[in-house]
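See structure below.
2 protein chains.
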Amino acid sequence: MHSVRAATPADIPLILDLIRALATYEREPDAVKATAADLLRDGFGDHPCFECLIAESLSPEVQPEPAGFALFFYNYSTWRGRQGIHLEDLFVLPRFRGQGIGKALLAKVAARAAEQGCVRLQWDVLDWNQTAIDFYQSLGAQFLTEWRIMRVNDQGIHALANLASVSEAAR
Amino acid sequence: MHSVRAATPADIPLILDLIRALATYEREPDAVKATAADLLRDGFGDHPCFECLIAESLSPEVQPEPAGFALFFYNYSTWRGRQGIHLEDLFVLPRFRGQGIGKALLAKVAARAAEQGCVRLQWDVLDWNQTAIDFYQSLGAQFLTEWRIMRVNDQGIHALANLASVSEAAR
Chain A
5 MHSVRAATPA DIPLILDLIR ALATYEREPD AVKATAADLL RDGFGDHPCF ECLIAESLSP
65 EVQPEPAGFA LFFYNYSTWR GRQGIHLEDL FVLPRFRGQG IGKALLAKVA ARAAEQGCVR
125 LQWDVLDWNQ TAIDFYQSLG AQFLTEWRIM RVNDQGIHAL ANLASVSEAA R
Chain B
5 MHSVRAATPA DIPLILDLIR ALATYEREPD AVKATAADLL RDGFGDHPCF ECLIAESLSP
65 EVQPEPAGFA LFFYNYSTWR GRQGIHLEDL FVLPRFRGQG IGKALLAKVA ARAAEQGCVR
125 LQWDVLDWNQ TAIDFYQSLG AQFLTEWRIM RVNDQGIHAL ANLASVSEAA R
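So the sequence lines, in the order shown, correspond to chains A and B.
When you line the first sequence up against my numbering, it's residues 5 to 175, in that order.
When you line the second sequence up against my numbering, it's residues 5 to 175, in that order.
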């Protein structure tokens, strides 16, 4: 048995643990620089940058045990003129797998999307993570085969931003 | 000569024209269902879902002419504990290409990212659009080669959301 509920500020240490566990699973154990203060500011203020769900495993006469999480935010479709949801993180701790907890988390994210009138629910998957790909496809998700993701990181952002000020100074 | 400025509600008909022109370029001419009311509600209220920049071509003694646009919103990095920018649309009308207008738009988006302390600027590119890929790479963007995009559309969202209510009813 399990249940899924909205995260509260009291869950922040747990959320950070789960983010780190997911990063380790994604072979980037040292990538997590986020702090509790970051998550409090960005997730639980007046205009949160993300929403988070916590899955708990339930057994009779035992405290609920954290089993996984889903963290998401909203994107926008200019074709549809509607918001969508981008699922950033979905993770179930290894010892709780195979019990439908990942599906329950994803279903709850979809329910949130439906409630908000969102026209898309999407996420990125690692191309070597066949277990995840099979799981998502079994739930009706499809690859956007034509599209590839490009990124500019911190330094690149500043280099590009400088082009804007140079071009303004020249006018 | 050209300049880039923030869009206002008066630009909505222009933004819709540019969204349609981009959809046509992307070989999906009939995909745009968004209306002026959608863009007004979602882009220009108290908590906008997106921001939009307009590029204008400037010539002496002529009114500024719309040449292109960039439309973006914010995402979130759980590894960094910071927002990033997702660039949804970047488009320059064909007759204004080759003048640095795309670069000026992208630079201005990067400047906005820098101003907001964003750690990432990213977007999706069509894998057959080599002109765009070359352009982005010349400005320092890199492919996220390991990641692929998955999506559930409207119907899929409702089917998945139903799993959540079934699972709740069963508890």
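All C-beta atoms, glycine included, are put in the ideal place defined by N, C-alpha and C.
Roughly how many angstroms lie between the CA atoms of residue 156 of chain B and residue 63 of chain B, to the nearest whole one? Here residue 156 of chain B corresponds to residue number 152 of the second sequence, with the count starting at 1. Here residue 63 of chain B corresponds to residue number 59 of the second sequence, with the count starting at 1. Residue 156 of chain B and residue 63 of chain B: Cα-Cα distance of roughly 46 Å.
Cβ of residue 92 of chain A less than 7 Å from any chain B Cβ? Here residue 92 of chain A refers to the residue found at position 88 when the first sequence is read from its first residue. Closer than 7 Å to some Cβ of chain B, the Cβ of residue 92 of chain A qualifies, so yes.
Do we get a CB-CB distance below 7 Å when we pair residue 22 of chain B with the residues of chain A? As a first step, residue 22 of chain B is located in the second sequence; it is residue number 18 there, counting from the start. No, residue 22 of chain B does not count as interfacial toward chain A.
Below 8 Å, can you find three or more Cβ-Cβ pairs linking the stretch 29 to 43 of chain B to the stretch 84 to 103 of chain A? With a cut-off of 8 Å, the stretch 84 to 103 of chain A and the stretch 29 to 43 of chain B count as touching, because enough Cβ pairs lie within range.
Counting only Cβ pairs nearer than 8 Å, list the residues of chain B close to residue 103 of chain A. Numbered from its first residue, the first sequence carries residue 103 of chain A at position 99. One finds nothing in chain B with a Cβ atom closer than 8 Å to the Cβ of residue 103 of chain A; even the nearest lies about 11 Å away.
How would you call residue 11 of chain B, buried or exposed, if buried means at least 16 neighbouring beta carbons within 10 angstroms? Within the second sequence, numbered from 1, the residue matching residue 11 of chain B stands at position 7. Within a 10 Å sphere around the beta-carbon of residue 11 of chain B sit 16 or more other beta-carbons, which makes this residue buried.
I'd like the list of long-range same chain contacts for residue 109 of chain A, defined as Cβ closer than 8 Å, with 5 residues on each side in sequence excluded. Here residue 109 of chain A refers to the residue found at position 105 when the first sequence is read from its first residue. Setting aside the 5 residues that flank it on each side, residue 109 of chain A is surrounded in the same chain by 8, 57, 59, 72, 73, 74, 94, 96, each with a C-beta closer than 8 Å to its C-beta; the list follows chain order.
Extent of the continuous alpha helix (DSSP H) to which residue 106 of chain B belongs: On the second sequence, position 102 is the one that residue 106 of chain B refers to. Per DSSP, residue 106 of chain B belongs to the alpha helix (DSSP H) from 105 to 119.
Classify residue 32 of chain B: buried if its beta carbon has 16 or more other beta carbons within 10 angstroms, exposed otherwise. By one-based count along the second sequence, residue 32 of chain B stands at place 28. That one is exposed.
Inspect the beta-carbon positions of residue 65 of chain A and residue 76 of chain A and report whether they are closer than 7 Å. Here residue 65 of chain A refers to the residue found at position 61 when the first sequence is read from its first residue. Here residue 76 of chain A refers to the residue found at position 72 when the first sequence is read from its first residue. The beta carbons of residue 65 of chain A and residue 76 of chain A sit no closer together than 7 Å.
Who are the neighbours of residue 118 of chain B on chain A, taking C-beta pairs under 7 Å? Position 114 of the second sequence, counting from 1, holds the residue named residue 118 of chain B. Here the neighbours are 161, 162, 165.
How is the beta strand (DSSP E) around residue 76 of chain A delimited, first residue to last? Looking up residue 76 of chain A in the first sequence gives position 72. Start and end: 69 to 81.
Contact with chain A by residue 131 of chain B, beta-carbon distance below 7 Å: Against the second sequence, residue 131 of chain B aligns to sequence position 127. A Cβ of chain A is located within less than 7 Å of the beta carbon of residue 131 of chain B.
Pairs of beta-carbons, one from the stretch 105 to 125 of chain B and one from the stretch 124 to 134 of chain A, closer than 8 Å: are there three or more? Judged by Cβ distances under 8 Å, the stretch 105 to 125 of chain B makes no contact with the stretch 124 to 134 of chain A, as fewer than three pairs qualify.
Quick check on residue 54 of chain A: does DSSP put it in helix, strand or coil? Stepping through the first sequence from its first residue, residue 54 of chain A is reached at position 50. Coil at residue 54 of chain A, not helix or strand.
In whole angstroms, what is the alpha-carbon distance linking residue 48 of chain A and residue 132 of chain A? Translated into positions along the first sequence, residue 48 of chain A becomes position 44. Translated into positions along the first sequence, residue 132 of chain A becomes position 128. Roughly 33 Å separates the two Cα atoms.
Flag residue 73 of chain B as yes if its beta-carbon sits less than 7 Å from any beta-carbon of chain A, otherwise no. What you label residue 73 of chain B is simply residue 69 of the second sequence in a count that begins at 1. Not an interface residue.
Please name the residue, chosen from A/70, A/137, A/55, A/99, that lies closest to residue 79 of chain B on a Cα-to-Cα basis. Your numbering for residue 79 of chain B matches position 75 in the second sequence. When each option's Cα is compared against that of residue 79 of chain B, the closest is A/55.
Per DSSP, which one or two residues make a beta bridge with residue 60 of chain A? Residue 60 of chain A sits at position 56 when you count from the first residue of the first sequence. According to DSSP, residue 60 of chain A bridges with A/7, A/70.
Is there a Cβ from chain B that is less than 7 Å from the Cβ of residue 188 of chain A? In the structure displayed, chain A extends from 5 to 175; residue 188 of chain A sits before or after that span and is not available.
Helix, strand or coil: which one does DSSP assign to residue 157 of chain A? Position 153 of the first sequence, counted from the first residue, corresponds to residue 157 of chain A. DSSP, read as helix, strand or coil, puts residue 157 of chain A in strand.
Would you mind stating whether residue 136 of chain A and residue 164 of chain B have Cβ atoms separated by less than 7 Å? Sequence index remark: in the first sequence, residue 136 of chain A carries index 132 (1-based). Sequence index remark: in the second sequence, residue 164 of chain B carries index 160 (1-based). Cβ atoms of residue 136 of chain A and residue 164 of chain B: not closer than 7 Å.
Nonlocal neighbours in the same chain, by C-beta distance under 6 Å from residue 15 of chain B, ignoring five residues either side: The residue you call residue 15 of chain B lines up with position 11 of the second sequence. By the criterion of a C-beta distance shorter than 6 Å, residue 15 of chain B is surrounded in its chain by 58, once the five residues flanking it on both sides are discounted.
To be precise: take each residue of the stretch 137 to 161 of chain B, compare its Cβ to all Cβ atoms of chain A, and keep it if any distance is under 9 Å. Which residues remain? Taking 9 Å as the Cβ-Cβ cut-off against chain A, the residues of the stretch 137 to 161 of chain B that qualify are 137, 140, 141, 143, 144, 145, 146, 147, 148, 149, 150, 151, 152, 153, 154, 155, 156, 157, 158, 159, 160, 161.
Under the rule that 16 or more other beta-carbon atoms within 10 Å means buried, what is residue 6 of chain A, buried or exposed? One-based indexing of the first sequence puts residue 6 of chain A at position 2. Residue 6 of chain A is buried by the Cβ-count criterion.
Residue 94 of chain B (DSSP reduced to helix, strand or coil): As a working note, residue 94 of chain B is residue 90 in the second sequence. Looking at residue 94 of chain B - three-state DSSP - the assignment turns out to be strand.
Just to make sure I have the definition right: I need the residues of chain B whose C-beta is within less than 9 Å of the C-beta of residue 46 of chain A. Which are they? Here residue 46 of chain A is taken as the residue at index 42 of the first sequence, counted from 1. Per Cβ cutoff of 9 Å: 80, 85, 86, 87.
Look at the Cβ atom of residue 148 of chain B, then the Cβ atom of residue 153 of chain A, and state whether they are nearer than 7 Å. Mapped onto the second sequence, residue 148 of chain B falls at position 144. Mapped onto the first sequence, residue 153 of chain A falls at position 149. Yes, the pair counts as a contact, with Cβ atoms nearer than the cut-off.
Skipping 5 residues on each side, what residues in its chain have a beta carbon closer than 7 Å to that of residue 26 of chain A? Your numbering for residue 26 of chain A matches position 22 in the first sequence. Contacts found: 93, 95.
Could you please give the first and the last residue of the uninterrupted alpha helix (DSSP H) stretch that includes residue 21 of chain B? Taking the first residue of the second sequence as 1, we reach residue 21 of chain B at position 17. For residue 21 of chain B, the uninterrupted alpha helix (DSSP H) run begins and ends at 16 to 29, by DSSP.
Per DSSP, residue 99 of chain B forms a beta bridge with which residues? Mapped onto the second sequence, residue 99 of chain B falls at position 95. Paired residues: none, contrary to the question.
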